[in-house]
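Residues 79 to 207, numbered by this note's numbering, are exactly what the sequence shown covers, in order.
All residues carry an ideal CB built from backbone N, CA and C; glycine is no exception.
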Amino acid sequence: MNILALILGGLLGTLLRYGLSLWIPAAGAFPLPILIINWAGCLFLGWLFTVATIRKLPPSVRIGAGTGFTGAFTTFSTFTVQTVDAIHTGHVAVALAYFLASLIGGLLMAWAGVSLGQKMRSPKAGEPV
79 MNILALILGG LLGTLLRYGL SLWIPAAGAF PLPILIINWA GCLFLGWLFT VATIRKLPPS
139 VRIGAGTGFT GAFTTFSTFT VQTVDAIHTG HVAVALAYFL ASLIGGLLMA WAGVSLGQKM
199 RSPKAGEPV
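Now the structure itself:
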């Protein structure tokens, strides 16, 4: 079941990443589509791991959505290659901005995802919903 979840998640993540990379407009030399996709992946993964722990989701869901979907949806290798390419083509300021936006934005999005996941915890007995 885990392998099937991994394959299905990977397929869906790949298709969504490809579709969004075509749909999100480019910003000159700045790789905006991949930045937004990676930020969304950080937000989702932070949320998923938090909710998975709170709700005790089955391993196949965590593997399919976390490793399969998010692993295929986000792309660290593209981030690094685009950063190096920007440097090699003389866009050092763009490379630095992309690097910092990816790192800081990714951490903030993961933090936001964890915060959202914590807000979705099951209420304790007697606590308002």
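For residue i: DSSP bridge partner residues
i      : result
Phe108 : Ala105
Spatial neighbours of residue i in its chain, beta-carbon cut-off 6 angstroms, leaving aside the 5 residues before and after
i      : result
Lys197 : none
Gln160 : Pro109
For residue i, the three-state DSSP class (helix, strand or coil)
i      : result
His166 : helix
Arg133 : helix
Arg95  : helix
Thr156 : helix
Arg140 : helix
Met79  : coil
Met187 : helix
Nonlocal neighbours in the same chain, by C-beta distance under 8 angstroms from residue i, ignoring five residues either side
i      : result
Ile112 : Ser99, Thr153, Thr156, Phe157, Gln160
Pro137 : Asn80
8 angstroms contact criterion, which residue i and residue j should meet: CB distance rounded
i      : j      : result
Leu135 : Met187 : About 21 angstroms separates the two Cβ atoms, so there is no contact after all.
Leu86  : Gly146 : 7 angstroms
Ala179 : Ala173 : Their Cβ separation, rounded to whole angstroms, is 11 angstroms, which puts Ala179 and Ala173 out of contact at 8 angstroms.
His169 : Ala107 : 5 angstroms
Gly195 : Ile132 : 7 angstroms
Gly142 : Leu126 : Contact doesn't hold; Cβ gap of about 10 angstroms is too wide.
Beta-carbon contacts of residue i that lie in its chain and below 7 angstroms, excluding the five residues immediately before and after
i      : result
Trp189 : Gly124
Arg199 : Ile132
Review point. Just checking, does the region 83-95 make contact with the region 149-160 on the three C-beta pairs under 8 angstroms criterion?
Key: yes
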